[in-house]
Structures are given as structure tokens and as C-alpha cells.
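Using this note's numbering, the first residue of the sequence shown is number 4, and each one after it goes up by one.
By construction, the Cβ of each residue, glycine as well, lies at the ideal position given by its N, Cα and C atoms.
Keep in mind it's a predicted model, so treat the numbers as computed, not measured.
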Amino acid sequence: MYTIIPYGTKVDFMGKAPFFLRLTAASLVVALIAIFMPGIGIKFGLDFSGGYEVLMAFDKPVTAEQVRAEVGRLELGDTSVQSFDVPDSKQTHYLVRVQRSEVLSPEELKQINDAFSTRYAANFKGPVGYNPEMGHVIEVQFASSATVGAAATSSVTIVEVVESTGHTVNRIRRLGRAEEPRYSVVMRGIDVTMVNALQKSLDPTTQAVRTEFVGPTVGKQLRDEGVLAVFYTLVIMLIYIAIRFDFFYAPGAVLNVFHDAVITCGFLALLQRDFNLATIAGILTLVGYSINDTIIVYDRIRETVGKARGKALDEVLNRAINETLARTIMTSSTTFLACLC
4 MYTIIPYGTK VDFMGKAPFF LRLTAASLVV ALIAIFMPGI GIKFGLDFSG GYEVLMAFDK
64 PVTAEQVRAE VGRLELGDTS VQSFDVPDSK QTHYLVRVQR SEVLSPEELK QINDAFSTRY
124 AANFKGPVGY NPEMGHVIEV QFASSATVGA AATSSVTIVE VVESTGHTVN RIRRLGRAEE
184 PRYSVVMRGI DVTMVNALQK SLDPTTQAVR TEFVGPTVGK QLRDEGVLAV FYTLVIMLIY
244 IAIRFDFFYA PGAVLNVFHD AVITCGFLAL LQRDFNLATI AGILTLVGYS INDTIIVYDR
304 IRETVGKARG KALDEVLNRA INETLARTIM TSSTTFLACL C
């Protein structure tokens, strides 16, 4: 039977253990510094930080640097611009992410409140309702139906008041009871602000092909749940290995997995790549592969210990690792080839 590792191979893995222990300890320290050091740290993506993600399309050939410079002038918070390939499209596409999730800053919200107070006086039941989680929606309430008629609070008038502050209204919807009318005003979001700016400076045909929004609270909740998912996975693995093998084996296996996950996170932090839900899925996959290989080796160690008859521990470990080496290489290489593709 064909095997990539000849039978009887005896690589002295344990003899090289001190060197690799120092190397992996240094890597772990570097990873922890990269994760927690101010100025580097993990860069949370849209899923976890909240904000807007807009896919922009240009007919003219523009560069990412040009788009980044123009969007940066809008002062929308942390901004990233990435090239985005759309098959069978002659347009140039960029994925623009901005950290600012609120369409209205406190100053802008005060300006809208003042505009309604000036226009409707006592008929306006302020302040304007605004939830940052909704991004681009405000609610306006008036005193009663009688005063509504007197104050001419039609949709057209409300639009005029909002747009007098420099914002553009998409639509208005009537809410609440008839005696105390309330209106939901949906304004154009940051995506429209970016499109308008890019149309003026780079390409008049600029358009937002797709817009996604995540509120800051939802982002924090997703981030916390993602971290807990990894933590619970490690705890369950610790319990499984303690039951399946022996508690003596369990701490080392979980520390191995923890080491793999931390170094991967540190690598992402050093490269300043976005940490999002897809990253959590990748780390959980990594944890699965890591513990799977660890359990195979542990199982062979347990079998070898039973036949060792007083042999040194280093010799037992070397034999177990060598006997599972072919399987380890084939599993790792096929996974690497899939990732490479």
C-alpha cells in the first residue's frame, strides 16, 4: 500500500522540542502584543463595529486612493476602501466601509429640533425621536389633531422643514393615534452623501449598487457572541477530552488550540485585516482541525504507552507522532490546497 511516509520513519521530533517551544512562545507573545497594543490591535469589521458598507460603481477608471481621499473629506469616521470584482461588468467597483453609523450627529439633531420648534412652536412635541440603531430614521410628534390642522403639518410641510436643515427625505409614514399624530421620516443615508460627493469630484455616473447597515449595539452583540462561541468551544473540547481520554491530556490539548487561535488573531491584527463574522467562522474551523489532529495523535500516544513497557516518554511521543505523520501531512496539505484555490 502506498504511503508518503515510509514505514519505520523515526524523525526525532522531541529532540527539536526545546527550539520550537521557544519559537512558539515568542510567536505567542508577539501575537498578544499585536492584539492588545494601541494603534495595532484587532480591526473590527462592519459586523462588529457597526456602520455602513456601500458598493460603489464608476463608469470612469478611478483609483482606490482617489475614492478614499474624497470619502475621507466627509469625516464619517474610520473609512476603508477595497477593490471589488464584479464579473462581466465594465464598471469599476469599490467596497466602501465607514464606521459612522449615525446619520445624524448631535449637532445635526439639534438643528432639526430647532427647525421644527421654530416652524410649529407649541404644536411640536419635541424632541425629535432618533435611534442610532435605525441609522437614518427620525420620528416627529405633534400635540393633537386639531393643532395639526391649524399648523399645516402635511407631509410636504414636514419635508420642507427637514430639508431646510440640509438633509434629503426619502419618504414619510404616518404613525400613532389620530389625536396625537406621529410621523416617521426616512432620510437619505450616508450612502447618498458619499454618492453625491463622488459624483461632484470623480465621476458624475457614480452610483451605490448595494448598501448594508449595522447598528452599533447589534455590532457589539455580534462581537460578544462571537468571542463566547470560541470560548464555549474550547470549554466543551476540554470536557470531551477529559472524558474520552484522561484529564491529564485535556489541558495540553486546549492550550494547543488556544495557541493556534491566538496566533491567527495576532497575524490578522498585524496585517490589519477586518475581523468579522467570517473570521469567527474561520477560527472555529481552525479550532476544529487543530483538535481533530490533536485527538488522533493523543489516541496513538495512549496506544503506544500501553505497549511501551517502561520506555522513555520522549521515545513514546516520537513513535506516536511518526506513526500518524502521514495522516497529518495528507489532511493538512489537502486543506491547504483547498484554501490556496
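(request) Over the uninterrupted beta strand (DSSP E) stretch that includes valine 1, give me the two end residues. (result) With the chain covering 4 to 344 only, the question about residue 1 has no answer from this structure.
(message) Could you compute how far the alpha carbon of valine 57 sits from the alpha carbon of valine 172?
(response) 19 Å
(request) Return the first residue and the last residue of the beta strand (DSSP E) that valine 188 is part of. (result) 185-190
(message) To the nearest angstrom, how far is the alpha carbon of aspartate 88 from that of cysteine 344?
(response) 17 Å
(request) Give the C-beta separation of phenylalanine 278 and phenylalanine 47 to the nearest angstrom, bearing in mind that I take them to be a contact with Cβ-Cβ under 8 Å. (result) 5 Å
(message) If you measure between the beta carbons of isoleucine 244 and alanine 232, is that distance less than 8 Å?
(response) no
(request) Evaluate the contact criterion for the region 22-41 versus the region 265-278: three or more CB pairs, one atom per stretch, below 8 Å. (result) yes
(message) Three or more C-beta pairs under 8 Å: does that hold for the region 109-125 against the region 90-97?
(response) With a cut-off of 8 Å, the region 90-97 and the region 109-125 do not count as touching, because too few Cβ pairs lie within range.
(message) Taking the beta carbon of glutamate 110 as the centre, do at least 16 other beta carbons fall within 10 Å, making it buried, or is it exposed?
(response) exposed
(message) If contact is defined by three or more beta carbon pairs under 8 Å, each pair taking one atom from either stretch, is the region 64-78 in contact with the region 187-205?
(response) yes
(message) Helix, strand or coil, according to DSSP, for glutamate 215 in the structure here?
(response) strand
(request) Determine the contact status of aspartate 263 and leucine 280, defining contact as a CB-CB distance below 8 Å. (result) no
(message) At the 8 Å Cβ level, is threonine 307 part of the contact set with chain D, yes or no?
(response) Looking at the structure shown, chain D is missing, and only one protein chain is on hand.
(request) For arginine 312, count neighbouring Cβ atoms within 10 angstroms of its own Cβ and tell me buried if that reaches 16, exposed if not. (result) exposed
(message) For isoleucine 332, report the span of its alpha helix (DSSP H) as first-last.
(response) 328-343
(request) Give the range of the beta strand (DSSP E) segment to which threonine 82 is assigned. (result) Start and end: 82-86.
(request) Under 6 Å Cβ to Cβ from glutamate 326, same chain only, skipping five residues before and after it: list those, please. (result) Arg303, listed in sequence order.
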